[in-house]
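Peer 1: Whatever position you read off the sequence shown (first residue = 1), add 80 for our numbering. For every residue, glycine included, the Cβ atom is placed at its ideal position computed from N, Cα and C.
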Amino acid sequence: MEITIVGGGVSGLIAGITLARNGKKVTILEKNNKCCKKLLLTGNGRCNFWNQNVDSSFYHASNMELLEELLNLKKDLVLDFIKSIGIIEKNINGYYYPYTNQALSVYNAILNTANNLDIKIEYECEVIKIEKKDKFIITTNKGIYRSDKLILAMGGATYPKTGSDGSGYKFAKALGHSINKLLPVLTKLKGNYNYKDLKGVRAEVRLTLEENNQKIKSEDGELIFTDEGISGICVYNLSGDVIRGLANKKNEKILINFVPWFKGSNEELIKFLDREEEKTNYTLSQILEGFLNYKLVNMILKKLKINNTTRFKDVDKMQVVNILREYPFIPTNGGDILDSQVTSGGVPLEEVDIKKLESKKVKDLYLTGEILDVDGVCGGYNLGFAIMCGLIVGDMSD
Ligand SMILES: Cc1cc2nc3c(=O)[nH]c(=O)nc-3n(C[C@H](O)[C@H](O)[C@H](O)COP(=O)(O)OP(=O)(O)OC[C@H]3O[C@@H](n4cnc5c(N)ncnc54)[C@H](O)[C@@H]3O)c2cc1C
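Structure representation (structure tokens):
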């Protein structure tokens, strides 16, 4: 029996390795001259491939119940698989990386295992058309392949320079699947303000996302200003909700708390800012510069419509505290498909048999990894999902 996998990314390779370990004959068609290009970029080259806290609360999916079922199938086997290909892992606050800190080690381990198992990988082999007759007929730039079973592992649409350019969705659609709205997520956010002066400024903050005037989520971390808005892992982790919210015409607002380290009430914060007698003659700007980058101080003064000679005793102190704790950032857009990390949307989980990831529309067709409508936040959840799916598909029976 011939099994063909289209897409030599993480999910495709892991499905292939698992199938070959189960004695199956596998061919992988990969359009690039190497596999797993995206994997090499992950975690800033360090490859954060898994998280000890994988559960559905870290994901968005077309159907959360089905997602939960899927996660429970193989979650306990991910680290065993990683060990089985020779990778020693390290856990940093729940985030798993290879001990070497190099995505290249994971890449080499996956490829060496695939080669040792005699998996046939056709490189620079771009799939152009897929038809289902008695077998799958797969037309590529290198000729036609026929296969009894077909696995679509072509990834999402973001970072197309890595090879995953969204073509998987077109093939899934042509074979009868629906595609839930595709949006680039895990992305920077653009705002309604000129941020050029702030470019590169960083601050430890707490961000709270307000959607239609309801506070729905908070994230702590390092905020990085760009010339068009904000970035950083805490921004990425809110970006999925923001981008989907904007697409659904919801009002999105991010409240930036520039003093997350101060746990007391607003009144106590005023006292803290005001606490020494001698500070009564200090300007607000001088006080804020004790804990904030001067460019952020200028941004806050501008918001308060005061200048840098205004003394603290002369300002509306509650207004200052409100701005420090809830500085409003109104997102208007995210990054684009070229530089966002993950695609939200794709083939709905309802259209596959979760236990096998076999299509409910086309017999012997399987879908694995980012092509499915599941996306996770930063922290190893997306590679983790691609690995779990690969393990599920790899267990297919004849
Ligand atoms: C910069 C960056 C950093 C990231 N960091 C992390 C991280 O630290 N942790 C984490 O969990 N996730 C991270 N991710 C997300 C993660 O890399 C992806 O979710 C994951 O790689 C998806 O795996 P996949 O196998 O489904 O698809 P991919 O890895 O995208 O593989 C799809 C493959 O299919 C091939 N292909 C596509 N179309 C065709 C065709 N027509 N013919 C033949 N081949 C085709 C592509 O060339 C590609 O090799 C990051 C993503 C990016 C862009």
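Could you check which residue in Val457, Leu353, Asn293, Val339 has the C-alpha nearest to that of Ser137?
Peer 2: As a position in the sequence shown, residue 137 is number 57, starting the count at 1. Residue Val457 is the option with its Cα nearest to Ser137.
Peer 1: How is Lys441 classed by DSSP in three states: helix, strand or coil?
Peer 2: Along the sequence shown, read from residue 1 onward, the residue named residue 441 stands at position 361. The answer is coil: DSSP assigns Lys441 none of H, G, I, E or B.
Peer 1: Measuring only the C-alpha atoms, how far is Phe352 from Gly309?
Peer 2: Residue mapping note: residue 352 aligns to position 272 of the sequence shown, counting from 1. Residue mapping note: residue 309 aligns to position 229 of the sequence shown, counting from 1. If I take the Cα positions, the gap works out to 30 Å.
Peer 1: Looking only at its chain, what residues have a beta carbon closer than 7 Å to the beta carbon of Tyr179, apart from the 5 residues adjacent to it on each side?
Peer 2: On the sequence shown, position 99 is the one that residue 179 refers to. Ile168, Glu169, Lys170.
Peer 1: Rounded to the nearest angstrom, what separates Asn131 and Ser420 at their Cα positions?
Peer 2: Residue numbering aside, residue 131 sits at position 51 when the sequence shown is read from its first letter. Residue numbering aside, residue 420 sits at position 340 when the sequence shown is read from its first letter. Each residue's alpha carbon lies about 21 Å from the other.
Peer 1: Under the criterion of a Cβ to heavy atom distance below 8 Å, does Tyr461 qualify as lining ligand 1?
Peer 2: Here residue 461 is taken as the residue at index 381 of the sequence shown, counted from 1. Within the cutoff, so yes.
Peer 1: Measuring straight from C-alpha to C-alpha, what distance separates Glu202 and Leu289?
Peer 2: Numbered from 1 along the sequence shown, position 122 holds the residue referred to as residue 202. Numbered from 1 along the sequence shown, position 209 holds the residue referred to as residue 289. If you take the alpha carbons of Glu202 and Leu289, they lie about 45 Å apart.
Peer 1: In terms of residues, what are the limits of the alpha helix (DSSP H) holding Val90?
Peer 2: Reading the sequence shown from its first residue, position 10 is the one you call residue 90. Unbroken alpha helix (DSSP H) run through Val90: 90-101.
Peer 1: At what residues does the alpha helix (DSSP H) containing Ala189 begin and finish?
Peer 2: Mapped onto the sequence shown, residue 189 falls at position 109. From DSSP, the alpha helix (DSSP H) with Ala189 extends over 183-196.
Peer 1: Any beta-carbon of chain D closer than 9 Å to the one on Leu197?
Peer 2: This model lacks chain D altogether, as it is built from one protein chain only.
Peer 1: Cβ of Met468 versus every heavy atom of ligand 1: is any distance shorter than 8 Å?
Peer 2: The residue given as residue 468 occupies position 388 in the sequence shown. False, no ligand heavy atom lies under 8 Å from that Cβ.
Peer 1: Just the Cα atoms here: how many angstroms apart are Lys154 and Lys279?
Peer 2: What you label residue 154 is simply residue 74 of the sequence shown in a count that begins at 1. What you label residue 279 is simply residue 199 of the sequence shown in a count that begins at 1. Roughly 43 Å separates the two Cα atoms.
Peer 1: Just verifying my parser: in three-state terms, what is the DSSP assignment at Gln366?
Peer 2: Walking along the sequence shown from the start, residue 366 turns up at place 286. Three-state result, Gln366: helix.
Peer 1: For Val158 and Ile165, I'd like the C-alpha separation in whole angstroms.
Peer 2: Reading the sequence shown from its first residue, position 78 is the one you call residue 158. Reading the sequence shown from its first residue, position 85 is the one you call residue 165. Distance between the alpha carbons of Val158 and Ile165 is about 11 Å.
Peer 1: Looking at Ile304 and ligand 1, is the gap between the Cβ and the nearest heavy atom below 8 Å?
Peer 2: Counted from its first residue, the sequence shown places residue 304 at position 224. No.
Peer 1: So who's on the other strand from Pro411, going by DSSP bridges?
Peer 2: The count along the sequence shown starts at 1 and reaches residue 411 at position 331. Paired residues: Gly271.
Peer 1: Taking 8 Å as the cut-off, is the CB of Gly464 close to at least one heavy atom of ligand 1?
Peer 2: Position 384 of the sequence shown, counting from 1, holds the residue named residue 464. Yes, the beta carbon of Gly464 sits closer than 8 Å to at least one heavy atom of ligand 1.
Peer 1: To the nearest angstrom, report how far apart Leu364 and Glu284 are at their CA atoms.
Peer 2: As a first step, residue 364 is located in the sequence shown; it is residue number 284 there, counting from the start. As a first step, residue 284 is located in the sequence shown; it is residue number 204 there, counting from the start. Straight-line Cα distance between these residues: approximately 20 Å.
Peer 1: Within its chain, find whatever has a CB closer than 6 Å to the CB of Lys117; leave out the 5 residues flanking it on each side and keep chain order.
Peer 2: For the purposes of this step, residue 117 is taken as the residue at position 37 of the sequence shown. So the qualifying residues of the chain are Thr242, Gly243.
Peer 1: Strictly by DSSP, which residues pair up with Phe371?
Peer 2: Taking the sequence shown and counting its residues from 1, the one referred to as residue 371 is at position 291. Note: Phe371 sits in no beta bridge, so no partner.
Peer 1: Output the distance between the C-alpha atoms of Gln294 and Leu151, rounded to the nearest integer angstrom.
Peer 2: For the purposes of this step, residue 294 is identified with residue 214 of the sequence shown, where counting begins at 1. For the purposes of this step, residue 151 is identified with residue 71 of the sequence shown, where counting begins at 1. Each residue's Cα considered, the two are about 29 Å apart.
Peer 1: Per the DSSP calculation, Ala141 is bridged to which residue(s)?
Peer 2: Counting from 1 along the sequence shown, the entry for residue 141 is found at position 61. Val454, per the DSSP bridge assignment.
Peer 1: Measuring CB to CB, does Thr412 end up less than 9 Å from Asn274?
Peer 2: To locate residue 412, count along the sequence shown from 1; it is residue 332. To locate residue 274, count along the sequence shown from 1; it is residue 194. No, they are not a contact pair.
Peer 1: Where does Ile296 land, buried or exposed, given buried means 16+ other C-beta within 10 angstroms?
Peer 2: Residue 296 sits at position 216 when you count from the first residue of the sequence shown. Label assigned to Ile296: exposed.
Peer 1: In this structure, how does DSSP classify Arg126 when only helix, strand and coil are distinguished?
Peer 2: As a first step, residue 126 is located in the sequence shown; it is residue number 46 there, counting from the start. Here Arg126 sits in coil by DSSP.
Peer 1: Which parts of the region 273-304 are runs of the beta strand (DSSP E), unbroken and 3 residues or longer, counting only runs that do not cross its ends?
Peer 2: Counting only runs of 3 or more, we get 282-291.
Peer 1: Write down the C-beta distance between Gly235 and Glu450 rounded to the nearest angstrom, noting that I regard them as a contact closer than 8 Å.
Peer 2: On the sequence shown, residue 235 is found 155 positions in, with the first residue counted as 1. On the sequence shown, residue 450 is found 370 positions in, with the first residue counted as 1. Contact flag correct, Cβ pair sits at about 5 Å.
Peer 1: Taking 8 Å as the line, does the beta carbon of Leu353 fall inside it for any heavy atom of ligand 1?
Peer 2: As a first step, residue 353 must be located in the sequence shown, where it is residue number 273. Result no, Cβ not under 8 Å from ligand 1.
Peer 1: Of the choices Asp475, Val473, Val134, Gly325, whose alpha-carbon is the least far from that of Leu263?
Peer 2: One-based indexing of the sequence shown puts residue 263 at position 183. Here the closest residue by C-alpha is Gly325.
Peer 1: Which same chain residues, not among the five before or five after Leu482, have their C-beta less than 8 Å away from its C-beta?
Peer 2: Nothing can be reported for residue 482, as the shown portion of the chain is limited to 81 through 478.
Peer 1: Whole-angstrom Cβ separation of Leu109 and Val86, contact assumed at under 8 Å?
Peer 2: Translated into the one-based positions of the sequence shown, residue 109 becomes position 29. Translated into the one-based positions of the sequence shown, residue 86 becomes position 6. Yes, they are in contact, since the Cβ atoms of Leu109 and Val86 sit about 5 Å apart, within 8 Å.
Peer 1: Can you list, in chain order, the residues of its chain with a C-beta nearer than 7 Å to that of Gly256? Leave out the 5 residues immediately preceding and following it.
Peer 2: One-based indexing of the sequence shown puts residue 256 at position 176. So the list reads Lys441, Val442, once near-sequence residues are dropped.
Peer 1: Taking the alpha carbon of Asp245 as the point to measure from, which residue in Asn292, Glu406, Ile417 has its own alpha carbon closest?
Peer 2: To locate residue 245, count along the sequence shown from 1; it is residue 165. Selected option, being the one with the closest Cα: Ile417.
Peer 1: If Asn102 sits next to Gly474, beta carbons under 8 Å apart, how far is it from one beta carbon to the other, in whole angstroms?
Peer 2: For the purposes of this step, residue 102 is taken as the residue at position 22 of the sequence shown. For the purposes of this step, residue 474 is taken as the residue at position 394 of the sequence shown. Indeed, because the Cβ distance is near 7 Å, the residues count as touching under 8 Å.
Peer 1: Helix, strand or coil: which one does DSSP assign to Asn113?
Peer 2: As a first step, residue 113 is located in the sequence shown; it is residue number 33 there, counting from the start. It is coil, neither helix nor strand.
Peer 1: Sort out for me which residues DSSP pairs Asn260 with in a bridge.
Peer 2: The residue given as residue 260 occupies position 180 in the sequence shown. Answer is Gly426.
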